[in-house]
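Numbering (my numbering), first residue to last: 182 to 535. Taking it in order: structure first as structure tokens, then the write-up.
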Ligand code: UDP
């Protein structure tokens, strides 16, 4: 039983669902919690990536963390009791992740966590709380990187009754699998009249940035200023859009609605570089050979920073601008294999089959 609810989870599940479908012994039931629900935050991903239609949709969204997680827990529990899955698969670090893990574990169903072991070491982040608690009650910890494995070992997980398995990252599987298709099917570059290599793609959606006025203003002022030099294109997350609208802050860069995965992959691969607080985008920037200027104080994807593909600048306006300016004309370093070269879902599936 796969439990998803937020955009990055659809993208991760696309890889594994495709792999699961290859094996007649495996039958997948999908629950969509409804955390993300718009056409362009949810449905388009199922359609474009041909993810099987969810068997259940709980339609739970727009609530506080406690209410959302609580309602999900109740809804998922009922379905698990009816369907009696052998194993529950959860992804990443959202409220849907922790609700799925907790519901399953208390019913003594095996829990498998895809993207286990990631840490920002910032307990102010709701995602960090979700990750740590989910890992602790998971039976199979599918780690994307060596860093993730080491994080778990340092926390004593090798003493717990669970299996830690380094699998690689399913997001790389998805990116590699759809890159050609997106090139053929997306017309976003022409539609927005963008010149290849001559614009920056940026996203902002982390609560620590959107819910902190100073941080958000610094980021927006920096993007406004960078936009005077090179066009900045921002597919704006609905939450960020509402906050910017309410605050009345002036934006002079190009704002577009969130786009589907194929358009996104094109926007990334034709950009000069990326500025983002997204976890997934940091990896996709690397996969498509683009620098990422990360507007956060930490990252879970530390190997990108260690190898000089990714630069952590926080929300310091001057640092965002100067780092971006420095990287615009810098050649991207040779890539090393950090995420498994598209074999993660195959590795995970082999464990599920066993
Ligand atoms: N993404 C997308 N369309 C957009 C913005 C992002 O398809 O308009 C994709 C992006 O390429 C990546 C994923 O959504 O695969 C990242 O999701 P998000 O930034 O919402 O979450 P995070 O990765 O930070 O958990």
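Note that the Cβ used here is the ideal one computed from N, Cα and C, for glycine as well.
Taking the straight line between their C-alpha atoms, what separation do you get for residue i and residue j?
i           : j           : result
residue 494 : residue 508 : 13 Å
residue 220 : residue 226 : 9 Å
residue 244 : residue 360 : 35 Å
residue 515 : residue 490 : 9 Å
residue 474 : residue 447 : 19 Å
residue 433 : residue 444 : 22 Å
residue 348 : residue 295 : 9 Å
residue 392 : residue 421 : 9 Å
residue 456 : residue 321 : 33 Å
residue 380 : residue 332 : 36 Å
residue 435 : residue 415 : 6 Å
residue 497 : residue 269 : 41 Å
residue 363 : residue 340 : 44 Å
residue 189 : residue 256 : 21 Å
residue 154 : residue 523 : With the chain represented from 182 up to 535, any question about residue 154 goes unanswered, as that position is not in the structure.
residue 492 : residue 382 : 15 Å
residue 273 : residue 344 : 17 Å
residue 502 : residue 466 : 18 Å
residue 529 : residue 521 : 12 Å
residue 191 : residue 285 : 20 Å
residue 328 : residue 281 : 25 Å
residue 326 : residue 336 : 16 Å
residue 159 : residue 353 : Given a span of 182 to 535 for the chain in the structure shown, any question on residue 159 remains unanswerable.
residue 311 : residue 425 : 27 Å
residue 271 : residue 232 : 15 Å
residue 439 : residue 200 : 27 Å
residue 451 : residue 264 : 44 Å
residue 458 : residue 389 : 10 Å
Measuring from the CB of residue i, is there a heavy atom of ligand 1 at a distance below 7 Å?
i           : result
residue 188 : yes
residue 440 : yes
residue 445 : yes
residue 462 : yes
residue 514 : no
residue 386 : yes
residue 416 : yes
residue 309 : no
residue 503 : no
residue 470 : no
residue 231 : no
residue 200 : no
residue 526 : no
residue 495 : no
residue 365 : no
residue 452 : no
residue 336 : no
residue 483 : no
residue 523 : no
residue 264 : no
residue 277 : no
residue 273 : yes
residue 459 : yes
residue 456 : no
residue 465 : yes
residue 424 : no
I'd like to confirm the pairing. Which residues does DSSP put opposite residue i in its beta bridges?
i           : result
residue 412 : 380
residue 323 : 295 and 346
residue 533 : Residue 533 is not bridged to any residue.
residue 272 : 295
residue 513 : Residue 513 pairs with nothing; no bridge assigned.
residue 183 : 211 and 270
residue 315 : Its beta-bridge partners do not exist; DSSP assigns none.
residue 491 : 473
residue 373 : In the DSSP output, where bridge partners are listed per residue, residue 373 has none listed.
residue 454 : 381
residue 396 : Note: residue 396 sits in no beta bridge, so no partner.
residue 436 : 415
Evaluate residue i with the Cβ neighbour count: other Cβ atoms within 10 Å of its Cβ, from every protein chain shown; 16 or more gives buried, anything less gives exposed.
i           : result
residue 376 : exposed
residue 463 : buried
residue 217 : buried
residue 387 : buried
residue 213 : buried
residue 506 : exposed
residue 292 : buried
residue 262 : exposed
residue 289 : exposed
residue 480 : buried
residue 246 : exposed
residue 300 : buried
residue 400 : buried
residue 366 : exposed
residue 378 : exposed
Original post:
Is it true that the segment 269 to 282 meets the segment 240 to 256, where meeting means three or more beta-carbon pairs spaced less than 8 Å apart?
Top reply: yes
Original post:
Does the segment 228 to 241 come close enough to the segment 289 to 309 to have 3 or more Cβ pairs within less than 8 Å?
Top reply: no
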